[in-house]
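Below is one structure, written out as structure tokens; the observations come after it.
Residue numbers (the numbering used here): 3 to 694.
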């Protein structure tokens with residue numbers, strides 16, 4: 003439940019309490035909210051079902067969803083009518099199982115996830131009418147803009163649902179969901195916003211739902227379900243492969259084993275139980291996304307339907323990830339905890355590039371236009387630098403070089419917007435497009451990342467060109483103010499300038515939050531700011547400034563602004579990703595002890611085992627992975643390379659055990675030098691940092 007007490011105007015994580023397999027194709031979450039994107043909130047009590055969901059963030063919304071709900075007595079189809087009084091704390095929701103008692107109707111419900119489906123056991127404790135509802139409507143009975151087809155087979159107790167709900171997908175991309183009951187239904191029907199149609203077996207429309215009327219009585223009914231993005235035949239095959247003949251208890255135990263194997267890799271032998279629970283919870287969050295989009299074919303090999311083209315393609319694919327967020331810590335964390343799974347994930351991103359032609363900036367499920375930069379550059383550059391296998395670096399470079407050579411339209415959901423202007427001026431002119439400073443800094447960092455991949459592949463010409471452009475951050479560094487500022491094409495600075503003003507040339511921040519947004523050139527930026535003493539004083543001023551802001555081009559107070567004020571760490575806004583490159587600069591300025599102190603302060607103040615436990619959007623595991631790395635005494639200060647910034651660990655001792663590899667031990671032993679950068683391979687060779 004950590005992070006689930008969130009709303010549109012203030013995020014404490016914006017998470018869902020998800021039941022799933024690690025990186026599972028389908029997630030499941032309870033429904034009790036009043037807004038569709040915020041369909042669960044810990045404070046709400048009107049439980050309306052368990053939703054098969056693919057929502058990576060409420061800001062991206064859900065896609066291809068369906069809600070299930072057992073029922074007794076009179077039929078009540080809409081979410082508002084069928085909702086029951088169930089406090090969130092009464093839901094027993096774990097990564098590997100869901101269970102609850104619907105006491106108003108004397109129903110006990112248990113569910114457990116597979117990779118592509120779920121098994122459920124529904125027990126009616128009292129004799130009487132009973133049914134199962136499947137609903138694709140949005141919360142609050144709002145009409146959906148998604149096409150749905152439903153076909154019922156009461157004799158087999160089966161339902162087939164095809165839903166293309168959501169954005170970011172081709173018209174031929176849809177979820178084919180099959181559900182089968184252990185008892186034959188005695189009736190069925192279809193419902194939507196227009197009403198209920200009893201006895202109708204097929205329907206094609208918008209926001210449809212259906213019900214299966216089961217024989218009256220008491221007892222347990224098992225429900226098997228599976229979903230495929232390929233076609234209905236593939237969904238039935240997945241059901242037979244993963245679910246058929248195995249009840250919810252068996253599948254729950256298998257799911258628990260899958261989670262225990264990964265969560266158990268991180269050991270904190272000398273920590274208290276709260277720290278262990280927090281670490282496990284945060285680790286769980288890092289292992290939910292990106293989700294698998296592929297599924298095994300008849301020959302056992304993976305295949306997927308491309309959400310961008312609608313075509314079925316061979317090979318693996320993953321989705322639901324915003325690289326603007328996750329590139330900063332998640333993939334660095336994976337290189338420690340699950341380097342054996344990381345190659346499959348990287349290959350999955352390349353599989354999507356083969357299908358659509360581009361690596362994504364934000365994928366959900368296809369390309370989505372969101373945020374700035376091409377942060378996937380850092381993910382592949384880091385994998386190459388750290389020797390992560392499972393993919394061809396030359397193929398990765400084929401797609402990465404598009405980011406530095408191939409212009410895209412301003413509304414393109416991939417690539418770099420205003421690339422020609424960036425190449426011409428060395429920066430993105432502020433009159434050309436908004437977020438110009440953010441784009442310039444992101445592009446320079448991405449150039450540095452791509453240069454590393456090009457060098458590894460042997461393309462020296464590309465490497466040299468990118469290395470040169472990696473210094474373009476200097477083009478927007480104003481010598482008079484010391485801030486990165488918007489700049490016109492003629493070289494003049496954007497006026498007036500207020501470092502507290504959000505938006506304009508920045509994204510989700512002001513000049514303060516972007517003041518140190520150059521992870522790849524720490525010593526150089528310190529030198530440009532007058533050396534360690536002067537730069538260090540400027541950075542400490544940032545940490546001491548009141549957390550005030552001007553809405554600027556946002557024209558209103560957005561949730562990120564409120565969260566920075568609530569966090570009260572000066573102009574350091576750990577609640578959002580641009581600030582996450584800031585604290586390592588304390589070490590670059592010769593203040594490594596202060597760096598460790600601030601990391602410990604943020605970890606203490608901004609992470610709590612509570613429904614309001616995060617200081618801002620958790621963002622596909624990025625917030626969690628930052629804490630986990632810091633707990634070991636490491637900061638991914640520059641993802642895209644192989645270096646870690648070594649700090650004082652948050653826990654006395656930690657051990658990571660990856661099957662078939664040498665255990666890594668972390669602790670506060672005498673071998674630690676605070677502020678030292680250490681290569682990834684050196685850490686592996688030494689078996690970690692600190693005492694074993």
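By construction, the Cβ of each residue, glycine as well, lies at the ideal position given by its N, Cα and C atoms.
CB of residue i within 8 Å of CB of residue j, strictly
i, j, result
"residue 600", "residue 556", "no"
"residue 397", "residue 352", "yes"
"residue 440", "residue 453", "no"
"residue 317", "residue 304", "yes"
"residue 430", "residue 420", "yes"
"residue 423", "residue 405", "no"
"residue 293", "residue 306", "no"
"residue 212", "residue 154", "yes"
"residue 27", "residue 53", "no"
"residue 160", "residue 181", "yes"
"residue 519", "residue 443", "yes"
"residue 655", "residue 635", "no"
"residue 401", "residue 355", "yes"
"residue 361", "residue 393", "no"
"residue 216", "residue 134", "yes"
"residue 613", "residue 7", "yes"
"residue 363", "residue 415", "yes"
"residue 523", "residue 485", "no"
Own chain residues within Cβ distance below 6 Å of residue i, not counting five before or after
i, result
"residue 150", "138, 165, 210"
"residue 383", "451, 454, 455, 642"
"residue 103", "110"
"residue 690", "666, 667, 668"
"residue 594", "676, 677"
Given residue i as reference, the closest of the options once Cα atoms are compared
i, options, result
"residue 586", "423, 646, 117", "646"
"residue 200", "78, 275, 370, 83", "78"
"residue 615", "325, 17, 509", "17"
"residue 432", "411, 507, 484", "507"
"residue 65", "7, 176, 578", "176"
"residue 658", "692, 370, 276", "692"
"residue 328", "449, 158, 377", "377"
"residue 14", "5, 20, 21, 22", "5"
"residue 261", "287, 322, 236, 444", "287"
"residue 417", "590, 372, 479", "372"
"residue 678", "350, 652, 654, 592", "592"
"residue 297", "264, 235, 269", "235"
"residue 152", "141, 178, 399, 549", "178"
"residue 140", "87, 381, 67, 123", "67"
"residue 427", "300, 224, 488", "488"
"residue 602", "435, 625, 29, 629", "629"
Contact set for residue i: own chain, Cβ-Cβ below 7 Å, skip 5 residues either direction
i, result
"residue 145", "For residue 145, the pLDDT reaches just 47, beneath the cut-off of 50, and the residue's location in the model is therefore unreliable, although a value from the coordinates is still provided. Excluding sequence neighbours, residue 145 sits near 195, 208, 209."
"residue 143", "Here residue 143 scores only 47 on pLDDT, less than 50, and its place in the model should not be relied on; the value that follows carries that caveat. 80, 81, 82, 195, listed in sequence order."
"residue 554", "503, 504, 505, 506"
"residue 314", "232, 305, 307"
"residue 694", "Residue confidence for residue 694 is low, a pLDDT of 43 falling below 50, so the modelled location carries little weight; the figure read from the coordinates is stated next. Contacts found: 667."
"residue 291", "58, 322, 323, 622, 623"
"residue 248", "121"
"residue 611", "4, 276, 279, 280, 283"
Beta-carbon proximity list for residue i, same chain, < 8 Å, skipping 5 on both sides
i, result
"residue 172", "308, 309, 310, 311, 312, 368"
"residue 578", "510, 511, 515, 562, 565, 566, 618, 619"
"residue 218", "129, 130, 131, 132"
"residue 89", "47"
"residue 9", "40, 43"
"residue 245", "116, 119, 120, 121, 226, 227, 228, 253"
"residue 448", "375, 376, 377, 379, 380, 405, 406, 418"
Say whether the stretch 181-190 touches the stretch 387-394, bearing in mind that this needs 3 or more beta-carbon pairs closer than 8 Å, one atom from each stretch. By the Cβ criterion, the stretch 181-190 is not in contact with the stretch 387-394, since fewer than three pairs of Cβ atoms, one from each stretch, lie closer than 8 Å.
Contained beta strand (DSSP E) runs [length at least 3] in the stretch 164-211, N- to C-terminal order: For secondary structure counted as the beta strand (DSSP E) over 3 or more consecutive residues, the stretch 164-211 holds these complete runs in sequence order: 177-183, 189-194, 197-200, 204-208.
Examine the Cβ distances between the stretch 565-574 and the stretch 539-555 and report whether three or more of them are shorter than 8 Å. Enough Cβ pairs lie closer than 8 Å, so yes.
For the stretch 606-620 against the stretch 530-540, are there 3 or more C-beta pairs whose distance is under 8 Å? Contact fails: fewer than three Cβ-Cβ distances are below 8 Å.
Count the CB pairs spanning the stretch 111-123 and the stretch 34-44 that are closer than 8 Å, and state whether there are at least three. No, they do not touch.
Are the stretch 249-263 and the stretch 94-102 in contact at 8 Å, needing three or more beta carbon pairs? At 8 Å Cβ cutoff, the stretches touch.
Are the stretch 620-630 and the stretch 557-568 in contact at 8 Å, needing three or more beta carbon pairs? The answer is no - the stretch 557-568 does not touch the stretch 620-630, with fewer than three Cβ pairs under 8 Å.
Uninterrupted alpha helix (DSSP H) stretches inside the stretch 477-549 (no shorter than 4 residues): If we require 4 residues or more, the alpha helix (DSSP H) runs fully inside the stretch 477-549 come out as 524-530, 534-546.
Residue ranges of each beta strand (DSSP E) run of no fewer than 3 residues wholly in the stretch 24-90, ordered along the chain? Complete beta strand (DSSP E) runs here, min 3: 29-33, 51-55, 68-74.
Let me know the alpha helix (DSSP H) ranges lying completely inside the stretch 574-640, each 4 residues or longer, listed in chain order. Under the rule that a run must span 4 or more residues, the alpha helix (DSSP H) segments found entirely inside the stretch 574-640 read 586-590, 594-608, 624-634.
Ranges of the beta strand (DSSP E) found wholly within the stretch 277-363, counting only runs of at least 3: Listed in chain order, the complete beta strand (DSSP E) runs (minimum 3 residues) inside the stretch 277-363 are 304-307, 314-316.
Please confirm if the stretch 276-283 is in contact with the stretch 328-341, defined as three or more CB-CB distances below 8 Å between the two stretches. Two segments are said to touch when three or more pairs of C-beta atoms, one from each, lie closer than 8 Å; by this definition the stretch 276-283 does not touch the stretch 328-341.
Beta strand (DSSP E) runs wholly inside the stretch 209-238, at least 3 long, in chain order: With a minimum length of 3 residues, the continuous beta strand (DSSP E) runs that stay inside the stretch 209-238 are 211-216, 221-230.
In chain order, which continuous runs of the alpha helix (DSSP H) of length 4 or greater are located wholly inside the stretch 247-279? Restricting attention to alpha helix (DSSP H) runs no shorter than 4 residues, the stretch 247-279 encloses them at 250-265, ordered along the chain.
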